[in-house]
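Here is the structure we will look at, set down as structure tokens.
Residue numbers (mature numbering (1 follows the signal peptide of the UniProt record, and there is no 0)): -18 to -1, 1 to 171.
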């Protein structure tokens, strides 16, 4: 009788744990930044719903473009690595001073179907930040206080952070060099 009770208890415990889903991050992010020869820079952000549910993200940092440029941060490459090695302060590129005033923003949303992937293009970082041609920068985005809704129900407040992408603004004297494309290795060699 004791074994039967222990077995039933174990089965009930196992079935209750087996039905719970652990979701590390419902939205996976990555970014890629590049500049055209005419020095117009674009950051592509990839947002992917990793769940089998409908997901909605709401934030004041979202706009018509997707994510507001205020969510971007830019570090000079050498300063960033100095920070990692020596735990020193980094040099963030100077932002041009803009006439700022208090503005009322509307809460905007991005909606995802199950397993849907969306791409957002952020344009204008060369105007927003005082970037020097020829220097190397690490560019990323950080969007805090994003309301997360899963299947229409509020789930959590999350922060969306992308990886760093390397950016170099072209100079006028840069040359375009073509590199041969390396083919994948085949079993024949």
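Ideal placement from N, C-alpha and C gives every residue a C-beta, glycine not left out.
| Query | Result |
| --- | --- |
| Give the single residue among 142, 135, 125, 107 whose Cα lies nearest to the Cα of residue 149. | 107 |
| By Cβ distance below 7 angstroms, which residues in the same chain neighbour residue 14 in space, the five residues on each side in sequence not counted? | 26, 147 |
| Quick check: the Cα distance between residue 153 and residue 137, rounded to an integer number of angstroms? | 47 angstroms |
| Pull up the distance between the alpha-carbon of residue 132 and that of residue 97, whole angstroms please. | 13 angstroms |
| Any idea which residues DSSP pairs residue 101 with across the strands? | 28 |
| Please report the Cβ distance between residue 119 and residue 37, rounded to the nearest whole angstrom; I am assuming they are in contact, meaning their Cβ atoms lie under 8 angstroms. | That belief does not hold up - the Cβ atoms of residue 119 and residue 37 are roughly 31 angstroms apart, past 8 angstroms. |
| Can you have a look at residue 43 and say buried or exposed, based on whether 16 or more other CB atoms are within 10 angstroms of its CB? | buried |
| What's the gap between the Cα of residue 94 and the Cα of residue 151? | 33 angstroms |
| Do you know whose CA, among 112, 127, 18, 116, lies nearest residue 89's CA? | 127 |
| Does the separation of the CB atoms of residue 41 and residue 129 fall below 9 angstroms? | yes |
| Out of curiosity, what's the CA-to-CA distance linking residue 123 and residue 141? | 10 angstroms |
| Classify residue 93 as helix, strand or coil using the three-state DSSP reduction. | strand |
| What three-state label does DSSP hand residue 38 in the structure shown? | strand |
| From the DSSP output, which residues share a beta bridge with residue 172? | Within the shown structure, residues of the chain are numbered from -18 to 171, placing residue 172 beyond reach of any answer. |
| Output needed for residue 10: all residues of its chain with C-beta closer than 6 angstroms, excluding positions within five of it in sequence on either side, in chain order. | 30, 32 |
| Using only CA atoms, which one of 103, 35, 7 lies nearest to residue 135? | 35 |
| Below 6 angstroms CB to CB, which residues in the same chain sit around residue 23 once its five sequence neighbours on both sides are set aside? | 17, 107, 108 |
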